[in-house]
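All remarks here apply to the structure that follows.
Residue numbers (the working numbering): 120 to 251.
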């Protein structure tokens with residue numbers, strides 16, 4: 120029987136990622152600040168209690184930190200955006216591409232979703248890796 124996953128090992132949901140984006144953009148904020156930003160960005164109404172619960176779940180996943188301030192809490196990202204992007208990409212490579220980073224790159228390049236600017240950045244990155 121498989122072991123249950125630890126909270127911090129569970130991938131983030133789409134809504135949790137949206138909350139993380141708010142924290143990365145705004146820094147240290149209250150539940151109300153996150154609620155307001157989500158409501159504005161998503162065009163729907165999130166209840167205060169829903170946002171509060173989600174922030175506590177993210178704290179259990181070790182990606183959010185909180186500090187008690189008065190009767191409430193101030194929340195901030197517990198992981199840098201670049202670090203989370205790497206972790207999420209590594210998870211994607213393992214789960215979807217069977218560990219093959221080249222298959223991920225082929226998929227991205229073959230999808231035609233990259234602009235000329237994106238392609239130039241990829242080319243420069245590949246050239247710099249080749250020189251090392």
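Just so you know, even glycine gets a beta-carbon here, dropped at the ideal spot from N, CA and C.
Nearest-angstrom Cβ-Cβ length linking residue i and residue j, presumed shorter than 8 Å
{"i": "residue 182", "j": "residue 167", "result": "The Cβ separation is near 21 Å, so there is no contact."}
{"i": "residue 233", "j": "residue 227", "result": "7 Å"}
Residue from the options whose Cα sits closest to the Cα of residue i
{"i": "residue 143", "options": "191, 199 and 177", "result": "199"}
{"i": "residue 161", "options": "189, 138, 226 and 247", "result": "138"}
{"i": "residue 259", "options": "197, 145 and 221", "result": "Absent from the model: residue 259. The displayed extent of the chain is 120 to 251, so no value can be given."}
{"i": "residue 186", "options": "251, 148, 235 and 238", "result": "148"}
{"i": "residue 164", "options": "189, 134 and 235", "result": "134"}
{"i": "residue 173", "options": "189, 154, 236 and 218", "result": "154"}
{"i": "residue 178", "options": "136, 210, 235 and 201", "result": "136"}
Cβ of residue i within 9 Å of any chain C Cβ
{"i": "residue 193", "result": "Judged by its chain identifiers, the structure shown contains no chain C, having just a single protein chain."}
For residue i, the three-state DSSP class (helix, strand or coil)
{"i": "residue 242", "result": "helix"}
{"i": "residue 190", "result": "coil"}
{"i": "residue 147", "result": "coil"}
{"i": "residue 221", "result": "helix"}
{"i": "residue 123", "result": "Residue placement at residue 123 is flagged as unreliable, the pLDDT there being 47, under the threshold of 50; a coordinate-derived value is accordingly withheld."}
{"i": "residue 249", "result": "helix"}
{"i": "residue 185", "result": "strand"}
{"i": "residue 196", "result": "strand"}
{"i": "residue 171", "result": "helix"}
{"i": "residue 229", "result": "helix"}
C-alpha gap between residue i and residue j, whole angstroms
{"i": "residue 152", "j": "residue 170", "result": "10 Å"}
{"i": "residue 150", "j": "residue 141", "result": "11 Å"}
{"i": "residue 251", "j": "residue 239", "result": "19 Å"}
{"i": "residue 130", "j": "residue 249", "result": "32 Å"}
{"i": "residue 206", "j": "residue 188", "result": "31 Å"}
{"i": "residue 229", "j": "residue 192", "result": "46 Å"}
{"i": "residue 64", "j": "residue 220", "result": "Any answer about residue 64 is impossible in this case: the structure gives the chain only from 120 up to 251."}
{"i": "residue 241", "j": "residue 231", "result": "14 Å"}
Proximal residues to residue i (C-beta, below 6 Å), its chain only, five neighbours per side dropped
{"i": "residue 222", "result": "216"}
{"i": "residue 156", "result": "141"}
{"i": "residue 245", "result": "none"}
{"i": "residue 184", "result": "195 and 197"}
Close Cβ partners of residue i (< 7 Å) along its chain, the five nearest in sequence each way excluded
{"i": "residue 132", "result": "none"}
{"i": "residue 146", "result": "195"}
Contact set for residue i: own chain, Cβ-Cβ below 8 Å, skip 5 residues either direction
{"i": "residue 123", "result": "The pLDDT assigned to residue 123 is 47, lower than 50, so where the model puts this residue is not dependable, and the model offers no usable value."}
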